[in-house]
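**Q** Can you keep this structure in mind? I'll have questions shortly.
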Amino acid sequence: MSKAKFGVIVFPGSNCDHDAYHSLKHLLCQDTKFLWHKESSIGDRNVIIVPGGFSYGDYLRCGAIARFSNIMKDVVRHANEGGTVIGICNGFQILCEAGLLPGALIRNINLKFVCKNVPLTIENKKNIFTALYNGTKEISLPVAHAEGNYLCDEDTLKSLEDYEQIVFRYKDNPNGSMANIAGIMNKKGNVLGMMPHPERACEEIVRGTDGRKLFESVIQSLN
Amino acid sequence: MYTAQIKITLRKSILDPQGKTVEHSVQSLGYRNIKNTRIGKYVELEIDASSQEEANRITDEICRKLLANPVMEDYTFQITEQSEAEVEQS
Numbered sequence: 001m002s003k004a005k006f007g008v009i010v011f012p013g014s015n016c017d018h019d020a021y022h023s024l025k026h027l028l029c030q031d032t033k034f035l036w037h038k039e040s041s042i043g044d045r046n047v048i049i050v051p052g053g054f055s056y057g058d059y060l061r062c063g064a065i066a067r068f069s070n071i072m073k074d075v076v077r078h079a080n081e082g083g084t085v086i087g088i089c090n091g092f093q094i095l096c097e098a099g100l101l102p103g104a105l106i107r108n109i110n111l112k113f114v115c116k117n118v119p120l121t122i123e124n125k126k127n128i129f130t131a132l133y134n135g136t137k138e139i140s141l142p143v144a145h146a147e148g149n150y151l152c153d154e155d156t157l158k159s160l161e162d163y164e165q166i167v168f169r170y171k172d173n174p175n176g177s178m179a180n181i182a183g184i185m186n187k188k189g190n191v192l193g194m195m196p197h198p199e200r201a202c203e204e205i206v207r208g209t210d211g212r213k214l215f216e217s218v219i220q221s222l223n
Numbered sequence: 224m225y226t227a228q229i230k231i232t233l234r235k236s237i238l239d240p241q242g243k244t245v246e247h248s249v250q251s252l253g254y255r256n257i258k259n260t261r262i263g264k265y266v267e268l269e270i271d272a273s274s275q276e277e278a279n280r281i282t283d284e285i286c287r288k289l290l291a292n293p294v295m296e297d298y299t300f301q302i303t304e305q306s307e308a309e310v311e312q313s
């Protein structure tokens, strides 16, 4: 029996929460619950998914309001204590705003909403998120965003490279992201943020299963 | 009562594609002497503070904590004290 207990946070405006729930609960058969943003505790959940969508209508900046929602205090505590947190798309933006990951995500360079499957290289496999992708160098995952252009200062970028925190890079940069960054983790390696959607690539019916191994890696890390 | 007028723009070092696009459009109208077009946000709020300094401090705090993200944005603001007529009106 898996020891993973997934918690998928639901903000007003989240719209990939059900994708994540479906993939984890029905396809990977994991103990999965939704966590409403007004709750003050993540309870017994040990893997937190901050899902994609348009939390709070993307008002002010993507993720800027969500980071102050009630549940985020406990998510930050969980992350600081070494707990696993995965932010996908809007979730990545929220984790950056919350200071759990460095940098920020700004408008795509061509100002367009980009929605397609993109090839990614896995830059680091010595972590709890990609350990099971052994032998795989390139995967394909869907992206769907207008603000996925990763930005940080030069010192931060150097630090990301030095500490091998860049987990995924675009092969064909769809948004102008610095250093082709598609996903990064924190120094401790327990918080991941990525613009592509692994939860939307877990069964053949959606034309791809490359996202499965990410969640399977996390599940394995807890057993 | 004080009014804070806050402007938030992308940092100078960051390409502002919206600004660029608008600039091209302005130039196509024949205004060739236009450059460095930046698009940003404008926030106006009223503060019940005991002094100009306090209103300043509060506004700066709000900007740092929420309104602007220092990774990508700069902000400036102006604080003005409301006249008695303005206070009564509101």
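Residue numbers (the numbering used here), protein chains in the order written: chain A, 1 to 223; chain B, 224 to 313.
Ideal Cβ placement from N, Cα and C applies to all residues, glycine included.
In the DSSP assignment, what residue or residues form a beta bridge with residue 145(A)?
**A** Against the first sequence, residue 145(A) aligns to sequence position 145. Answer by DSSP bridge pairing, in chain order: 114(A).
**Q** Does the beta carbon of residue 103(A) sit closer than 8 Å to a beta carbon anywhere in chain B?
**A** Within the first sequence, the letter at position 103 stands for residue 103(A). Residue 103(A) counts as touching chain B.
**Q** On the CB-based measure, 16 or more other CB atoms within 10 Å of its CB, does residue 78(A) come out buried or exposed?
**A** To locate residue 78(A), count along the first sequence from 1; it is residue 78. It counts as buried.
**Q** Take residue 222(A) and list the residues in its own chain whose beta-carbon comes closer than 6 Å to its own, dropping the five residues that flank it on each side.
**A** As a first step, residue 222(A) is located in the first sequence; it is residue number 222 there, counting from the start. Once the five neighbours on either side are set aside, the close Cβ partners of residue 222(A) are 3 and 4.
**Q** Counting only Cβ pairs nearer than 7 Å, list the residues of chain A close to residue 259(B).
**A** If you number the second sequence from 1, residue 259(B) lands on position 36. Within 7 Å Cβ-Cβ: nothing; residue 259(B) doesn't reach chain A, min ~18 Å.
**Q** Under 8 Å by Cβ, that's how I've got residue 189(A) and residue 128(A) pegged, so tell me the actual separation to the nearest angstrom.
**A** On the first sequence, position 189 is the one that residue 189(A) refers to. On the first sequence, position 128 is the one that residue 128(A) refers to. Contact holds; Cβ gap of about 7 Å.
**Q** Can you say whether residue 170(A) is buried or exposed, counting buried as having 16 or more other CB atoms within 10 angstroms of its CB?
**A** Looking up residue 170(A) in the first sequence gives position 170. Residue 170(A) is buried by the Cβ-count criterion.
**Q** Which two residues bound the contiguous beta strand (DSSP E) that contains residue 168(A)?
**A** Here the question's residue 168(A) lines up with position 168 in the first sequence. That run of the beta strand (DSSP E) goes 166-170.
**Q** If you check the beta carbons only, do residue 10(A) and residue 35(A) fall under 8 Å apart?
**A** As a position in the first sequence, residue 10(A) is number 10, starting the count at 1. As a position in the first sequence, residue 35(A) is number 35, starting the count at 1. Pairing residue 10(A) with residue 35(A) gives a Cβ-Cβ distance under 8 Å.
**Q** Report the CB separation of residue 178(A) from residue 151(A) in whole angstroms; it is logged as a contact under 8 Å.
**A** Along the first sequence, one-based indexing puts residue 178(A) at 178. Along the first sequence, one-based indexing puts residue 151(A) at 151. Rounded, the Cβ-Cβ distance is 6 Å, consistent with contact.
**Q** What separation, rounded to the nearest whole angstrom, lies between the Cα atoms of residue 187(A) and residue 165(A)?
**A** Here residue 187(A) refers to the residue found at position 187 of the first sequence. Here residue 165(A) refers to the residue found at position 165 of the first sequence. Using only the alpha carbons, I get a separation of about 6 Å.
**Q** Since residue 152(A) meets chain B, which of its residues come closer than 8 Å, beta carbon to beta carbon?
**A** Looking up residue 152(A) in the first sequence gives position 152. Within 8 Å Cβ-Cβ: 294.
**Q** Output, in sequence order along the chain, the residues in the region 111-127 of chain A whose CB is closer than 7 Å to any CB in chain B.
**A** 111
**Q** If I'm right that residue 114(A) touches residue 143(A) with Cβ under 8 Å, what's the distance once you round it to whole angstroms?
**A** Here residue 114(A) is taken as the residue at index 114 of the first sequence, counted from 1. Here residue 143(A) is taken as the residue at index 143 of the first sequence, counted from 1. A Cβ-Cβ distance of about 6 Å is found for the pair residue 114(A) and residue 143(A), placing them in contact under the 8 Å criterion.
**Q** Since residue 237(B) meets chain E, which of its residues come closer than 8 Å, beta carbon to beta carbon?
**A** Chain labels in this structure do not include chain E; the protein chains are A and B.
**Q** Could you tell me whether the region 227-241 of chain B touches the region 277-286 of chain B, using the rule of 3 or more Cβ pairs below 8 Å?
**A** Contact annotation: the region 227-241 of chain B touches the region 277-286 of chain B, with at least three C-beta pairs closer than 8 Å.
**Q** Less than 8 Å between the C-beta atoms of residue 23(A) and residue 204(A), yes or no?
**A** For the purposes of this step, residue 23(A) is taken as the residue at position 23 of the first sequence. For the purposes of this step, residue 204(A) is taken as the residue at position 204 of the first sequence. By the CB criterion at 8 Å, residue 23(A) and residue 204(A) fall outside the cutoff.
**Q** Give me the residue from 123(A), 174(A), 155(A) and 17(A) with the minimum Cα distance to residue 88(A).
**A** For the purposes of this step, residue 88(A) is taken as the residue at position 88 of the first sequence. Of the candidates 123(A), 174(A), 155(A) and 17(A), the one whose C-alpha sits nearest the C-alpha of residue 88(A) is 17(A).
**Q** Checking 8 Å against the spacing of the C-beta atoms, do residue 108(A) and residue 148(A) come in under that value?
**A** Along the first sequence, read from residue 1 onward, the residue named residue 108(A) stands at position 108. Along the first sequence, read from residue 1 onward, the residue named residue 148(A) stands at position 148. Cβ distance < 8 Å, so residue 108(A) and residue 148(A) count as in contact.
**Q** Do you know offhand how far residue 301(B)'s Cα is from residue 53(A)'s?
**A** Reading the second sequence from its first residue, position 78 is the one you call residue 301(B). Reading the first sequence from its first residue, position 53 is the one you call residue 53(A). So the alpha carbons of these two residues sit roughly 35 Å apart.
**Q** Please confirm whether residue 312(B) has its beta-carbon closer than 8 Å to some beta-carbon of chain A.
**A** By one-based count along the second sequence, residue 312(B) stands at place 89. At a cut-off of 8 Å between C-beta atoms, residue 312(B) does not count as an interface residue with respect to chain A.
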